[in-house]
Every structure is written in structure tokens, then in C-alpha cells.
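Numbering (the working numbering), first residue to last: 438 to 694.
In C-alpha cells:
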């Protein structure tokens, strides 16, 4: 079979499977990036607070998550959360009674669905959470740096005219911080997109995992890995263009140095 037949949408082609895997990759990266955005804003706020404890905890979070391998974080989420759920059982029994206990995995008794031992969470959820907490560590630094660029005169003027903290955040701080943060967020998005390939180790079928399956089935690894690389590059190119347009729109009227 030629490469066009292999990656086509015919009866023996892998085109549809690769397309679905691409959609899975995009969905996984978007969910991870969105979770990271929420975490990043909260951690950046903690870093900028006057509380010494909040600053220390935020610094610890960003240092650890940026220092350990991303693959290790995925494994910790996959096995750690499942083991935690296996040891902490909270479920409704078939007769309507409620059972809550801290048990050893070997001592878990069958519950509503006959669960026993290892409880596996949805792999998409695990991958999104793992990517989110890693992405959040990088996004926190992006937001903190963007906040440092703000003109303090605008903030002082807003306080002088009696703006509430929420109104000042909505009208002055948030729009400008987001505009300054977009280039950094674009880099974090590219990082999250590439890290999504690591989620294949827990069995989620995204681009890389689907390429491995197709390569093992057809004994044509080169073809499918080239296709996988091309798909990642295509997503990256579209994302770069999108972020550049958003940056131009958000910083309209602001003179750059």
C-alpha cells in the first residue's frame, strides 16, 4: 500500500483514526491549558500578595512543578489518585446506605458497582489534570511578569477616583495583563500541546498513541510518525497565527517600545 492509501479514508486507511486522534489531542491540550489558566491566575495572585505564607506556597508550587519531569507528574496523577480512591471509599451501597471509610486497598469490600482494589479514573480526566497543574506553574510566572509591566500610575489613579478592587481589576488590570501575557501564554500553549503526547503512556489514544498503533499494525512506522509530526506542526502553525491576531487586537492603541 502507498502512503496515500495508508493515511487515506478508504477501508484500509488510517485517515479517520488519525483525525479522531488529532481531535483528542486538541481537546486534551485545551482542557489542560484552561485548567492551567485558572491555577496560574490564582498562583500569580498569591505570589503578588502580602502574605508571606501565600508567597512561599506559590513559590514552592512553581518550583516543584517546573523542576520535576512532566511524565512523572502524569504517573503520579494516574497511580496516586487511583490509589487514593482505592484507599478512601465513598459510595452508595445498593440498599441505599452510605459507606464512608478509610480502608486499606486489600480490605475494600464490594460496593455499588462491585468495586474492589484499584479504582481507575477516566484517562482523559487524568491527562487534563496533569497537564493543567504543570501548565499552571508556567502560566503563573507569565501572569506575574505581565502584571509587573503595568503602569502604577493607572492603578493609583483608579484608587484615587474611588474604584472598587473588582471594578479596577475588570477595567484596568485584567485587560492589560492579558494583553501583555499573550506572547508568554502562546509559548505555554505550545508546551502543553507537546506535553499532551506524554499522556499516551496511560493509554489515551491521541496523535502519538494512534501513530504507534498504526505503525505496529502496518509495519510502516516512518510514514505514520511523519504524519504525526505534520499534524503537530499544522496545529502549531494555526495556533501561532491565532495568538498573533489576538495579541494585535488586545494591544491596539498601546504604543510598544
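The beta-carbon is built from N, C-alpha and C at its ideal position, and this holds for glycine as well.
Quick caveat: nothing in here was measured; it's all calculated off a predicted structure.
Item: Just how far apart, CA to CA, sit residue 511 and residue 565?; Value: 9 Å
Item: The alpha helix (DSSP H) spanning residue 593 covers which residue range?; Value: 589-597
Item: Whole angstroms is fine: what's the gap from residue 637's alpha carbon to residue 643's?; Value: 7 Å
Item: For residue 600, name the three-state secondary structure that DSSP assigns.; Value: coil
Item: Can you give me the C-alpha to C-alpha distance between residue 563 and residue 593, rounded to a whole angstrom?; Value: 43 Å
Item: Have a look at residue 578 and residue 520 and give me their C-alpha separation to the nearest angstrom.; Value: 32 Å
Item: Residue 494 to residue 608, Cα distance in whole Å?; Value: 29 Å
Item: Can you give me the start and stop residues for the alpha helix (DSSP H) that residue 491 sits inside?; Value: 489-504
Item: Taking the straight line between their C-alpha atoms, what separation do you get for residue 657 and residue 453?; Value: 17 Å
Item: Taking the alpha-carbon of residue 391 as reference, which of 664, 516, 569 has the nearest alpha-carbon?; Value: A question about residue 391 goes unanswered here, because the residues of the chain that appear run from 438 up to 694.
Item: Using 10 angstroms around the beta-carbon of residue 677, count the other beta-carbons present and answer buried if the total reaches 16, otherwise exposed.; Value: exposed
Item: With DSSP as the reference, label residue 642 as helix, strand or coil.; Value: coil
Item: Specify, as a first and last residue, the run of the alpha helix (DSSP H) that residue 659 falls within.; Value: 658-687
Item: Tell whether a beta-carbon distance below 8 Å holds between residue 576 and residue 474.; Value: yes
Item: Can you say whether residue 679 is buried or exposed, counting buried as having 16 or more other CB atoms within 10 angstroms of its CB?; Value: exposed
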